[in-house]
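The structure appears right after this line, and notes come after that.
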Amino acid sequence: MSGRRRALTIAAGLLIAALLAVVVWLRGAVTTDVTRFLAQDLDDPRLASVASRLASSELTRTIILDLEGPSVDDAVAGAKELAAALADHPEVAWLRAGVEPGQGQAIYELYAPRSLYSLGDTAESRARRLSDEGLAEAAVELKQQLALPTSSLVKQLVARDPLGLHTRQLRQLQAARAGELDLHDGQFVSGDGHALIFLASVHSPFESASQRPLQEAIAARFADVNAAKGGALILTQSGVGRFALASEVSIKADIRRISMIATAGLVLLFLVLFRAPRLVLVALLPMGLGVLAAAAAVILLEGQIHGLTLAFGATLIGIAIDYVVHLFNHHMLAHREGAGPWATARRIAPGLWLGALTTVAGFVGLAWTSFPGLREIAVFATVGVLVAVIATRFWIPALLPAQPRPGRVQQASARVMTRLVAGLTRHRRALGLLPLGALVFTLFGLTRLTWVDDVRAFEKSEPALLAEDEAVRARVTRMDAGRFVLAIGDDSALALAVNDRIATTLARAQAQGQLEAYQSLHSFLWSPSLQRENLEALLADEALPARVDRAFVAAGFRAGAFAGFDEALAAARAAPPPILSLEELAGSPLGPLVRPFVVELPASEDNPAQIGIVTFLRGVAPDAALAAELADIPGALYFDQPATMRAAYGRYRQRTIELVGAGLVLVFLLVLARYRRLRLALAAFAPAILAAGCALAVLSLAGVGVNLLHVISTLLVLSMGVDYGVFLAESRDDPEALAATLLSVVVACASTVLAFGLLGMSRQPALQALGLTSGLGVLFSLILAPTAVVLAEGRARAPSVAIIACLLLPVSWACKPSATTTSPTPPASLPLPPVPAAAPDFVARQLLVGVQGERRFRGEVVIQKRGDHLTIIGLGPQAIRTFTIEQVGVTLSHKVELADAPTLPFPPDFIVRDVHRALWLSAGAPAADGDQTVTRDGRTITDTWQGGALVHRRLVEPGETVEIDYRPGARYGLPPATQVLVNHRYGYTLEVSTFDLQELPPAPADGP
758 MSGRRRALTI AAGLLIAALL AVVVWLRGAV TTDVTRFLAQ DLDDPRLASV
808 ASRLASSELT RTIILDLEGP SVDDAVAGAK ELAAALADHP EVAWLRAGVE
858 PGQGQAIYEL YAPRSLYSLG DTAESRARRL SDEGLAEAAV ELKQQLALPT
908 SSLVKQLVAR DPLGLHTRQL RQLQAARAGE LDLHDGQFVS GDGHALIFLA
958 SVHSPFESAS QRPLQEAIAA RFADVNAAKG GALILTQSGV GRFALASEVS
1008 IKADIRRISM IATAGLVLLF LVLFRAPRLV LVALLPMGLG VLAAAAAVIL
1058 LEGQIHGLTL AFGATLIGIA IDYVVHLFNH HMLAHREGAG PWATARRIAP
1108 GLWLGALTTV AGFVGLAWTS FPGLREIAVF ATVGVLVAVI ATRFWIPALL
1158 PAQPRPGRVQ QASARVMTRL VAGLTRHRRA LGLLPLGALV FTLFGLTRLT
1208 WVDDVRAFEK SEPALLAEDE AVRARVTRMD AGRFVLAIGD DSALALAVND
1258 RIATTLARAQ AQGQLEAYQS LHSFLWSPSL QRENLEALLA DEALPARVDR
1308 AFVAAGFRAG AFAGFDEALA AARAAPPPIL SLEELAGSPL GPLVRPFVVE
1358 LPASEDNPAQ IGIVTFLRGV APDAALAAEL ADIPGALYFD QPATMRAAYG
1408 RYRQRTIELV GAGLVLVFLL VLARYRRLRL ALAAFAPAIL AAGCALAVLS
1458 LAGVGVNLLH VISTLLVLSM GVDYGVFLAE SRDDPEALAA TLLSVVVACA
1508 STVLAFGLLG MSRQPALQAL GLTSGLGVLF SLILAPTAVV LAEGRARAPS
1558 VAIIACLLLP VSWACKPSAT TTSPTPPASL PLPPVPAAAP DFVARQLLVG
1608 VQGERRFRGE VVIQKRGDHL TIIGLGPQAI RTFTIEQVGV TLSHKVELAD
1658 APTLPFPPDF IVRDVHRALW LSAGAPAADG DQTVTRDGRT ITDTWQGGAL
1708 VHRRLVEPGE TVEIDYRPGA RYGLPPATQV LVNHRYGYTL EVSTFDLQEL
1758 PPAPADGP
């Protein structure tokens, strides 16, 4: 190539890189929005729309500020000043710290003229109240109301409303407005005297550019208020945005650390190997160009790029660097006399193109997924790999010297590779045991594979933030997160009609014990049709005024005292008052109270734009038939978000595995088309499959639950593993080229393991999954790929069909439908530890709610610890004892107390083990804030402390991993208010709520 053409090639490459960098710099916006990894293909398309809409709705944009002071008055005064300081912030959509001015007058103006519309929300209740017995009861109730000191309002209304319709409506509204809060000097306060402020952000909680200034403003305004109060106030808060910001900070820190250390490691490795600093820079160019091109493509298509995709881009080093290292080693170690770098690039081009195409084939299927985040990863990987290989083939040769000068380390390493190949060839028969052993290990490990289909597996919440969030929310409401009923209609009137039927069903279910409580817009507003039915019921009986007069005279009232009621009915018959609509209510001073219940659903292919009305639930019984009853109501959707998302992720995980399997078939066909020899194609292809299988087997045997991102990581393993196999197969007939290729594979593996090893140490579970799976898989690929190529060139004739069947068996096993849990009665892996006599003694009552796959269980127990004696008593209806489990020392006993008691969800010894894990298997004494790890008795325990309280524990036992969150925090040996235990090995989650906790004096020396 002429000097001028070479210079133009270099300049063109640099210009393209500069343009891509400008695009990324000017238009790049990093997001950590977890909704990009939410499933969009739920069973019901409307649920998918609702789930996506709710993720950025007012429900998630709401922030709760909690102020604690030396007294309630101090907290209230501070809250009022803070609310005033924040009210005008541009990111605050609305703010409420107490009853809105004018709400009382608004209630009267909205509801009093329409009291005839509120007789009853069911035909039965209306008939009951208009019966003679109902009228008599109304008369008695009115006498009682008039005798109260608060009777002034009743006296104003009684002449026109003897049935107390408006009074009853006021009581219902008051209960709905106050919820579980009180008012102190017009300010919302909790039962324990904390002042509370509610506000909503203008933008999504996942938009850090808006959330960060808002959080900074909250902190600054509070600092000013607190300084004026002498520093006596404490601010805590609850809100989704804080978790998103913390996640973004953590992910960006991981990306910076991984990129810097990985780049530094690569520079050092290349300096030692290639000696020339210029070549180190050249080696990084294809990777850099690939990452820039991939990031620019994603940004131009999506308008932003997710932090997880960027982290994935950092690991793209492992693939992109393979190509340029391969070129370097072949140019320097397998150089042909008179041939320059362009000739070397042409000679190895078939292997480069085949390696890149197999990688793209593995990822391109993800571009058609319903997960925006995974589509983004697919685009990033495809563009990045293609640009990297194009740069290696057409740009990098212009930057290499025409006459290579290999370094001493490079030459010595190549000689070692030559001797290695010779040694492997001499022991070909024994070498055959290696892939066979890998196959057996893979099959054994995959039998213990446990799938975790939970979006929470993608991110890690900070324990301190989580504990603070839980504590604040507990003061405001106890509705279950992510569980609600949605009423859908083409307009507000139709949606309200559905909501009326939902409220009736929920009221009946609550009376039957199927759920504990619910919050509904029904408390504020009935549908227009129901309002009309109430008025029609009152007007249908023309004798009603006379019947009312008789009933009230019988109760002691003066005859004719309620003539105003007759006049009100006559006026309504002549000109009915206007129906109260959702739009009028939302535009009134009561609007902030009703907005959280209303969701606008955008139009889709199957549905027009609609209105959704949300009803929140608490304490749905596991065996309740509530979902089935609600399914009978047209337009009603029961949404259990965790269960629905788990099911959606399970389905998508299965489809992803099937796509991976289809991609593998395509990859194998590409390799077979290139080599036209089955044994050689298998040698290039099969090690990657075994390597991916071995990586998953290691994770399974270590007790790690496998999720969707582990599956995506196997694509990386397969891509790089096939690259290694292809490169080796291309060089099989040339000893010098084979030595150069082996060195390239070793260097590529070292660089990849460096990048993925760092990724595996991330605090983000999603990045851990990518790092651990890929790092392990690449190591296995390095071991298996040279072995397979040597075996393929041997003379032994193994039956090809059997080889294919054995090598594809791990794939077929992974692709088969799999439950997310294993046996519900898992065996014990370690001896049952004794009850620690020195731990605090206590007795407590607890509510346990658990989920294992599709199985749900719920129960109440009393747990007592006295000395070395542990007693667990199961409670049934009316607190009837159903079972007793006792442990004294290491001796365990179980007794069924009730003949028809429900079966225990797990064996007694497993239940007791979870008690030990949660309470007593500690990593040590309370520590400073941070993590404390100890390995003892075959298990590794990591405790996380915050402010002197235990907030998180992770236990790793043989084949089993358990994580426990303590909310808001725990002392050693005593149960906290709430603890959530997740067993990744057996796929169950157990939430334990503790109430009536009482510490006991130490047990007498002679026993409990």
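Going letter by letter, the sequence shown gives residues 758 to 1765 in this note's numbering.
Virtual Cβ for every residue (Gly too), placed ideally from N, Cα, C.
Take residue i and list the residues in its own chain whose beta-carbon comes closer than 7 Å to its own, dropping the five residues that flank it on each side.
| i | result |
| --- | --- |
| Phe-1027 | Leu-1036, Val-1037, Ala-1040 |
| Trp-708 | Residue 708 cannot be examined here, being either before or after the span of the chain that is shown, 758 to 1765. |
| Ser-1007 | Arg-1520, Gln-1521 |
| Ser-1470 | Ala-1526, Leu-1527, Thr-1530, Ser-1531 |
| Pro-1766 | Given that the chain is displayed from residue 758 to residue 1765, the structure contains no residue 1766 and the question cannot be resolved. |
| Ala-1562 | Legend: pLDDT at Ala-1562 = 45, less than 50; position of this residue unreliable, value from coordinates given subsequently. Nothing meets the Cβ criterion. |
Can residue i and residue j be called in contact, C-beta distance under 9 Å?
| i | j | result |
| --- | --- | --- |
| Ala-1091 | Ala-1496 | yes |
| Leu-1109 | Leu-1084 | yes |
| Tyr-1743 | Pro-1733 | no |
| Arg-1602 | Pro-1662 | no |
| Ala-1329 | Leu-1295 | yes |
| Val-1377 | Leu-1272 | yes |
| Val-1739 | Glu-1720 | yes |
| Leu-1447 | Thr-1530 | no |
| Ile-1630 | Ile-1668 | no |
| Asp-889 | Arg-1304 | yes |
| Ala-1438 | Val-1428 | yes |
| Ala-1145 | Met-1044 | yes |
| Leu-1374 | Val-1242 | yes |
| Leu-777 | Leu-1188 | no |
Please state whether DSSP places residue i in a helix, a strand or coil.
| i | result |
| --- | --- |
| Pro-1043 | helix |
| Leu-1747 | strand |
| Leu-1707 | strand |
| Gly-1616 | strand |
| Gly-1631 | strand |
| Gly-1607 | strand |
| Ala-1328 | helix |
| Leu-1394 | strand |
| His-1083 | helix |
| Val-1713 | strand |
| Pro-870 | helix |
| Asp-1490 | coil |
| Tyr-1723 | strand |
| Ala-1601 | strand |
| Trp-1702 | strand |
| Glu-1756 | strand |
| Asp-918 | coil |
| Leu-756 | This structure cannot settle anything about residue 756, because the visible part of the chain is limited to 758 through 1765. |
Opposite residue i in the DSSP bridges: which residues?
| i | result |
| --- | --- |
| Lys-1652 | Thr-1641 |
| Glu-1357 | Ile-1368 |
| Ser-958 | Val-849 |
| Ile-991 | Glu-825 |
| His-1626 | Arg-1623, Val-1645 |
| Ala-952 | Leu-824, Val-946 |
| Asp-1694 | Answer is none; Asp-1694 lacks a bridge partner. |
For residue i, which residues from the same chain have a beta carbon less than 6 Å from its beta carbon, with the 5 sequence-adjacent residues on both sides left out?
| i | result |
| --- | --- |
| Leu-914 | His-923 |
| Thr-993 | Asp-823, Glu-1225, Val-1229 |
| Leu-920 | Ala-895 |
By Cβ distance below 8 Å, which residues in the same chain neighbour residue i in space, the five residues on each side in sequence not counted?
| i | result |
| --- | --- |
| Leu-1515 | Arg-1014, Ile-1015, Ile-1018, Ala-1019, Gly-1528 |
| Leu-873 | Leu-922, Asn-1291, Leu-1292, Leu-1295, Ala-1325, Leu-1326, Ala-1329, Pro-1334 |
| Pro-1758 | Asp-1598 |
| Val-1424 | Thr-1115, Ala-1118, Gly-1119, Phe-1442, Leu-1475, Val-1479 |
Ordered list of beta strand (DSSP E) runs contained in the region 1171-1245, each at least 3 residues: none
Unbroken stretches of the alpha helix (DSSP H), 4 residues or longer, contained in the region 1262-1338: Listed in chain order, the alpha helix (DSSP H) runs fully inside the region 1262-1338 are 1285-1297, 1301-1311, 1320-1331, counting runs of at least 4 residues.
Those runs of the alpha helix (DSSP H) which lie wholly inside the region 1011-1062 and span at least 4 residues: Runs of the alpha helix (DSSP H) lying entirely within the region 1011-1062 and spanning at least 4 residues, in chain order: 1034-1059.
Length at least 4, wholly inside the region 1434-1464: the alpha helix (DSSP H) runs in chain order: The qualifying runs are 1435-1458.
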